[in-house]
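Some notes on the structure that comes next.
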Amino acid sequence: MSDRRAADPGKKENRMLLDGKRLIVVGGASGAGAAAVRAYAAEGAQVACLDINEDLGRKVVAGLGSGAGFFRCDVTQKEIVDEAIDAAVASMGGLDGVLSTAGIRHEVAAADLTVEEWERMFRSHVLGTVLVNQATFRHLKERGGKIINCGSGVTLRGQVHGSQSGDAHYGAAKAAVMVWTKGIAQEWGRYGITANTVSLSMDTPMSQQMLADMSPADRARFEELLRTVLPLGGKLGDADRDFAPVAVFMASDMSRFISGQVIAVNGGLYMFG
140 MSDRRAADPG KKENRMLLDG KRLIVVGGAS GAGAAAVRAY AAEGAQVACL DINEDLGRKV
200 VAGLGSGAGF FRCDVTQKEI VDEAIDAAVA SMGGLDGVLS TAGIRHEVAA ADLTVEEWER
260 MFRSHVLGTV LVNQATFRHL KERGGKIINC GSGVTLRGQV HGSQSGDAHY GAAKAAVMVW
320 TKGIAQEWGR YGITANTVSL SMDTPMSQQM LADMSPADRA RFEELLRTVL PLGGKLGDAD
380 RDFAPVAVFM ASDMSRFISG QVIAVNGGLY MFG
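Heads up, the sequence shown is in our numbering, so the first residue is 140 and it goes up one at a time.
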């Protein structure tokens, strides 16, 4: 008599979505990046948290187990990026994907923007993304993998909260990241590498600082904007609840046929432009 052991259809497997994956999160010490580090570890991945803030970065990985580690990284310095990525990959024994969330934000009126402020914004967002992607490409091109870059809905609107917000240079930098990501999706697709942008509107330390820096009138205008054009509750998203699951999906095999896309995680905030 043959031993026919059918799987119990009512029993769910507990296999984690990222079991066996080796992932890097750049900018993982706070905000959306930290949420992704926690979610990746919870779903069974080995994860390397890279950030310039060593104290916060080590706090994020503390308690996540031996599969999580921290590596200090300044994304504007090529040699440091290369060394940090190589060290992270060596510690995990390989690489399956990278999420790049590092960046800065400061407001300044377009007419008053200095060359130094423009270059600082572009070095952080654009050059930083390029250097991270190049460093990880060397490790991904043999087996394929995922590149996930961080964009912003401000690229659709031009300013975050109206004509006086002073975000033209920030929006321009994020637009450059989105176009770069589409470009590498085309160039590197033949290696089995997917590249996508996630466009976020999350409640993070960066957005909290943005609100703190606003005048009372600008803050009121921004909060009214959220209530008016954000259908899902009129508030910015929670990084752990709203972004982290998307980060897991984009790093998993479930998104294997998605590339060159902008995935908006913003509660519908910019659907009206």
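Note that the Cβ used here is the ideal one computed from N, Cα and C, for glycine as well.
query                                                                                                                                  : result
Assuming contact is defined by CB atoms lying nearer than 8 Å, are serine 340 and valine 401 in contact in what I supplied?            : no
For glycine 208, which of helix, strand or coil comes out of DSSP?                                                                     : strand
Just the Cα atoms here: how many angstroms apart are aspartate 190 and serine 169?                                                     : 9 Å
How about the stretch 254 to 262 and the stretch 191 to 211: do they share at least three Cβ pairs that are nearer than 8 Å?           : no
Would you identify the three-state DSSP class for arginine 259, choosing helix, strand or coil?                                        : helix
For the alpha helix (DSSP H) holding isoleucine 286, just list the boundary residues, first then last.                                 : Where isoleucine 286 is concerned, there is no enclosing alpha helix (DSSP H), although the beta strand (DSSP E) it sits in stretches over 284 to 291.
Taking the beta strand (DSSP E) that threonine 333 belongs to, which residues open and close that run?                                 : 332 to 339
Starting from alanine 187, trace the beta strand (DSSP E) both ways and give me its first and last residue.                            : 185 to 190
Helix, strand or coil for glycine 166 per DSSP?                                                                                        : coil
Determine the burial state of arginine 395: buried for a count of at least 16 other Cβ atoms within 10 Å of its Cβ, exposed for fewer. : exposed
Take methionine 349 as the anchor and find which of Val164, Asp251, Tyr309 has the nearest alpha-carbon.                               : Tyr309
Quick one: what does DSSP say aspartate 379 is sitting in, helix, strand or coil?                                                      : helix
Going by DSSP, which residues form a beta bridge with isoleucine 219?                                                                  : For isoleucine 219, which the question treats as bridged, DSSP gives no partner whatsoever.
Under the rule that 16 or more other beta-carbon atoms within 10 Å means buried, what is alanine 145, buried or exposed?               : With a pLDDT of only 44 at alanine 145, under 50, the local geometry of the prediction cannot be trusted, and the value read off the model is given with reservation. Alanine 145 is exposed by the Cβ-count criterion.
Specify the secondary structure class of aspartate 251 as computed by DSSP and reduced to three states.                                : helix
Which of the three DSSP states, helix, strand or coil, is assigned to serine 394?                                                      : helix
Do glycine 242 and glycine 196 come within 8 Å of each other at the CB atom, strictly closer than that value?                          : no
Which of the three DSSP states, helix, strand or coil, is assigned to arginine 161?                                                    : strand
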